[in-house]
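K.L.:
Under the working numbering, the first residue of the sequence shown is numbered 13, with each subsequent residue one higher. To start, I am sharing the structure in question, which I have written as structure tokens.
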Amino acid sequence: MAVPFLPQVPQLSGPRLPRVWPTATATVVAAVAAAAATRRVRIPPTPQPGVRRRRGGGGAPGGLQHETQELASKRVDIQNKRFYLDVKQNAKGRFLKIAEVGAGGNKSRLTLSMSVAVEFRDYLGDFIEHYAQLGPSQPPDLAQAQDEPRRALKSEFLVRENRKYYMDLKENQRGRFLRIRQTVNRGPGLGSTQGQTIALPAQGLIEFRDALAKLIDDYGVEEEPAELPEGTSLTVDNKRFFFDVGSNKYGVFMRVSEVKPTYRNSITVPYKVWAKFGHTFCKYSEEMKKIQEKQREKRAACEQLHQQQQQQQEETAAATLLLQGEEEGEED
Numbered sequence: 013m014a015v016p017f018l019p020q021v022p023q024l025s026g027p028r029l030p031r032v033w034p035t036a037t038a039t040v041v042a043a044v045a046a047a048a049a050t051r052r053v054r055i056p057p058t059p060q061p062g063v064r065r066r067r068g069g070g071g072a073p074g075g076l077q078h079e080t081q082e083l084a085s086k087r088v089d090i091q092n093k094r095f096y097l098d099v100k101q102n103a104k105g106r107f108l109k110i111a112e113v114g115a116g117g118n119k120s121r122l123t124l125s126m127s128v129a130v131e132f133r134d135y136l137g138d139f140i141e142h143y144a145q146l147g148p149s150q151p152p153d154l155a156q157a158q159d160e161p162r163r164a165l166k167s168e169f170l171v172r173e174n175r176k177y178y179m180d181l182k183e184n185q186r187g188r189f190l191r192i193r194q195t196v197n198r199g200p201g202l203g204s205t206q207g208q209t210i211a212l213p214a215q216g217l218i219e220f221r222d223a224l225a226k227l228i229d230d231y232g233v234e235e236e237p238a239e240l241p242e243g244t245s246l247t248v249d250n251k252r253f254f255f256d257v258g259s260n261k262y263g264v265f266m267r268v269s270e271v272k273p274t275y276r277n278s279i280t281v282p283y284k285v286w287a288k289f290g291h292t293f294c295k296y297s298e299e300m301k302k303i304q305e306k307q308r309e310k311r312a313a314c315e316q317l318h319q320q321q322q323q324q325q326e327e328t329a330a331a332t333l334l335l336q337g338e339e340e341g342e343e344d
């Protein structure tokens, strides 16, 4: 190995420094060059079976806060589609992921908490019963154009915390199917994310429901149901209003949903303002009664005045005719 050239350093006054021999200097230079040329490669830890490590901030001790573990998985094949139902668990609890894989490999996914999965299973039972009562599908030659929207055969609407689920039993040229759409509200000013949609062919609803029920029975988290009033609804013209009482980590609330054939909207009213809402509704109801009563009295007064004017006109006309008759009699 060649020894690098070392310039002479002028002797300085003071204590004499130890001499660095050329051989030792060459060894140090070679070691530094080798270290600079060496690439350090980080070897990730070997993941545990069934555990998916996800990157996340916060620096939780041990990095276990963002781990997601897959507990169980089921596959359901319906026509040319594959559906995967995966029960997973992380620091927030257990949840269910439903993935639809089409013939072209396109994927759509829904995410449900285990409590929502239970309600979703019950809704599937309702759709299965409704589908069984339907008559035969419409013949293709009488079917409407593919691009023309059709009214759903049955619809349901589910809202839990920041997620909304729309369920519509529909029909097209390929047959009947259950379309499930999920949207997530990120908060004020952020809007809703792009919705995810899956379509279940109606022929496979029972098989899909049974697979879901099995996962819920095996991995569902038992929660003590809260004692809440049952929901109710009322129909006004072509609208239907649903009043559903629920609870979450923030407390008890009432969700008022307005549903039309092509329109859905809802508001959430916390329990602490129910009395104020009721008082406000009663207040405006009484005010509207007074306003309507005044309007009826005003209309009645106008009608009475109109009748009086009409009666006066008739009396005036009769008096005029009588006067004309008397004048004609005097002339004769």
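All C-beta atoms, glycine included, are put in the ideal place defined by N, C-alpha and C. Everything numeric in this text was worked out from a predicted model, so none of it was measured.
Helix, strand or coil: which one does DSSP assign to G337?
P.N.:
Position 325 of the sequence shown, counting from 1, holds the residue named residue 337. Helix, per DSSP.
K.L.:
Among the residues of its own chain, which have a CB less than 8 angstroms from the CB of E219, if the five just before and after it don't count?
P.N.:
Position 207 of the sequence shown, counted from the first residue, corresponds to residue 219. For E219, where only same-chain residues beyond five positions count, the Cβ hits under 8 angstroms are V88, I90.
K.L.:
To the nearest angstrom, how far is it from the Cα of K310 to the Cα of S297?
P.N.:
To locate residue 310, count along the sequence shown from 1; it is residue 298. To locate residue 297, count along the sequence shown from 1; it is residue 285. Whole-angstrom Cα-Cα distance: 20 angstroms.
K.L.:
Rounded to the nearest angstrom, what separates V248 and R267 at their Cα positions?
P.N.:
For this step, residue 248 is matched to residue 236 along the sequence shown. For this step, residue 267 is matched to residue 255 along the sequence shown. If I take the Cα positions, the gap works out to 18 angstroms.
K.L.:
Helix or strand or just coil, what does DSSP make of G105?
P.N.:
Here residue 105 is taken as the residue at index 93 of the sequence shown, counted from 1. Strand, per DSSP.
K.L.:
Relative to the C-alpha of E239, which residue among Y275, F265, N250 is closest?
P.N.:
As a first step, residue 239 must be located in the sequence shown, where it is residue number 227. Among Y275, F265, N250, the Cα nearest to that of E239 belongs to F265.
K.L.:
For Y135, is the classification buried or exposed, using 16 other Cβ atoms within 10 angstroms of its Cβ as the cut-off for buried?
P.N.:
Your numbering for residue 135 matches position 123 in the sequence shown. By the neighbour-count rule (16 or more Cβ atoms within 10 Å), Y135 is buried.
K.L.:
Might you give, ordered along the chain, the residues of its own chain that have their beta carbon closer than 6 angstroms to the beta carbon of L165, omitting 5 neighbours on each side?
P.N.:
As a position in the sequence shown, residue 165 is number 153, starting the count at 1. Taken in chain order, the residues that qualify are L181.
K.L.:
Enumerate in chain order the residues of its own chain whose CB-to-CB distance from G187 is below 7 angstroms, with the five nearest sequence positions on each side excluded.
P.N.:
As a working mapping, residue 187 is identified with position 175 in the sequence shown. Around G187: S149, P213, A214.
K.L.:
Going by DSSP in three states, T328 sits in which element: helix, strand or coil?
P.N.:
Numbered from its first residue, the sequence shown carries residue 328 at position 316. T328: helix per DSSP, three-state reduction.
K.L.:
Here's the rule: buried if 16 or more other CB atoms are within 10 angstroms of the residue's CB, otherwise exposed. What is K100?
P.N.:
Against the sequence shown, residue 100 aligns to sequence position 88. That one is buried.
K.L.:
Going by Cα to Cα distance, which pick from M126, E168, T195 is closest to L83?
P.N.:
The count along the sequence shown starts at 1 and reaches residue 83 at position 71. Nearest option by C-alpha distance: M126.
K.L.:
Name the DSSP beta bridge partners of I303, please?
P.N.:
Numbered from 1 along the sequence shown, position 291 holds the residue referred to as residue 303. Answer is none; I303 lacks a bridge partner.
K.L.:
Return the first residue and the last residue of the beta strand (DSSP E) that D249 is part of.
P.N.:
For this step, residue 249 is matched to residue 237 along the sequence shown. Counting along the chain, D249 falls outside any beta strand (DSSP E), and DSSP gives it neither H nor E.
K.L.:
Let's see if you can read the secondary structure: which residues bound the beta strand (DSSP E) around A84?
P.N.:
For this step, residue 84 is matched to residue 72 along the sequence shown. Here the beta strand (DSSP E) through A84 covers 80-90.
K.L.:
Here's the rule: buried if 16 or more other CB atoms are within 10 angstroms of the residue's CB, otherwise exposed. What is R52?
P.N.:
Locating residue 52 in the sequence shown gives position 40, counting from the first residue. The predicted model places R52 with a pLDDT of 40, which falls under 50 and marks its position as unreliable, so this point remains unresolved.
K.L.:
Whose CA, out of H142, T280, Q81, lies closest to the CA of N174?
P.N.:
Here residue 174 corresponds to residue number 162 of the sequence shown, with the count starting at 1. When only C-alpha atoms are compared, the closest one is T280.
K.L.:
What distance in whole Å lies between the Cβ atoms of Y283 and R106, which are believed to be in contact at a cut-off of 8 angstroms?
P.N.:
By 1-based counting over the sequence shown, the position of residue 106 is 94. By 1-based counting over the sequence shown, the position of residue 283 is 271. So it is not a contact: roughly 27 angstroms between Cβ atoms.
K.L.:
According to the neighbour-count rule (16 or more other Cβ atoms, all chains shown, within 10 Å of its Cβ), is A129 buried or exposed?
P.N.:
The residue given as residue 129 occupies position 117 in the sequence shown. A129 should be labelled buried.
K.L.:
In angstroms with no decimal places, state the Cα-to-Cα distance between S245 and R252.
P.N.:
Translated into positions along the sequence shown, residue 245 becomes position 233. Translated into positions along the sequence shown, residue 252 becomes position 240. For S245 and R252, the distance between alpha carbons rounds to 7 angstroms.
K.L.:
Could you check which residue in R172, R191, N250 has the C-alpha nearest to that of N197?
P.N.:
Walking along the sequence shown from the start, residue 197 turns up at place 185. Per the Cα distances, R172.
K.L.:
Using CA coordinates, which residue listed in G243, Q336, Q81, G114 is at the minimum distance from I210?
P.N.:
By 1-based counting over the sequence shown, the position of residue 210 is 198. Minimum Cα distance to I210 is reached at G114.
K.L.:
Is G207 near R193, with beta carbons less than 8 angstroms apart?
P.N.:
Position 195 of the sequence shown, counted from the start, is the residue given in the question as residue 207. Position 181 of the sequence shown, counted from the start, is the residue given in the question as residue 193. Yes.
K.L.:
Whole angstroms is fine: what's the gap from E340's alpha carbon to E327's?
P.N.:
Position 328 of the sequence shown, counted from the start, is the residue given in the question as residue 340. Position 315 of the sequence shown, counted from the start, is the residue given in the question as residue 327. Near 20 angstroms, if we compare the C-alpha coordinates of E327 and E340.
K.L.:
From what residue to what residue does the beta strand (DSSP E) around V281 run?
P.N.:
For the purposes of this step, residue 281 is taken as the residue at position 269 of the sequence shown. Unbroken beta strand (DSSP E) run through V281: 275-282.
K.L.:
Write down the C-beta distance between L217 and F139 rounded to the nearest angstrom, noting that I regard them as a contact closer than 8 angstroms.
P.N.:
Position 205 of the sequence shown holds residue 217. Position 127 of the sequence shown holds residue 139. Right, their Cβ atoms sit about 6 angstroms apart.
K.L.:
Taking only three categories from DSSP, how would you classify S297?
P.N.:
Along the sequence shown, one-based indexing puts residue 297 at 285. S297: helix per DSSP, three-state reduction.
K.L.:
Where does I303 land, buried or exposed, given buried means 16+ other C-beta within 10 angstroms?
P.N.:
The sequence position of residue 303 within the sequence shown is 291, counting from 1. Result: exposed.
K.L.:
Can you pull the DSSP bridge partners for E112?
P.N.:
Counting from one through the sequence shown, the residue named residue 112 turns up at place 100. F95, S120.
K.L.:
Name the residue from M300, R133, A287 whose alpha carbon lies nearest to the alpha carbon of Y177.
P.N.:
By one-based count along the sequence shown, residue 177 stands at place 165. Of M300, R133, A287, the residue nearest in Cα terms is R133.
K.L.:
Relative to the alpha-carbon of Y96, which residue among R191, E112, A103 has its alpha-carbon at the smallest distance?
P.N.:
Start at 1 with the first residue of the sequence shown, and residue 96 comes out as number 84. When only C-alpha atoms are compared, the closest one is E112.
K.L.:
Where does R163 sit, in a helix, a strand or coil, going by DSSP?
P.N.:
Counting from one through the sequence shown, the residue named residue 163 turns up at place 151. Coil, per DSSP.
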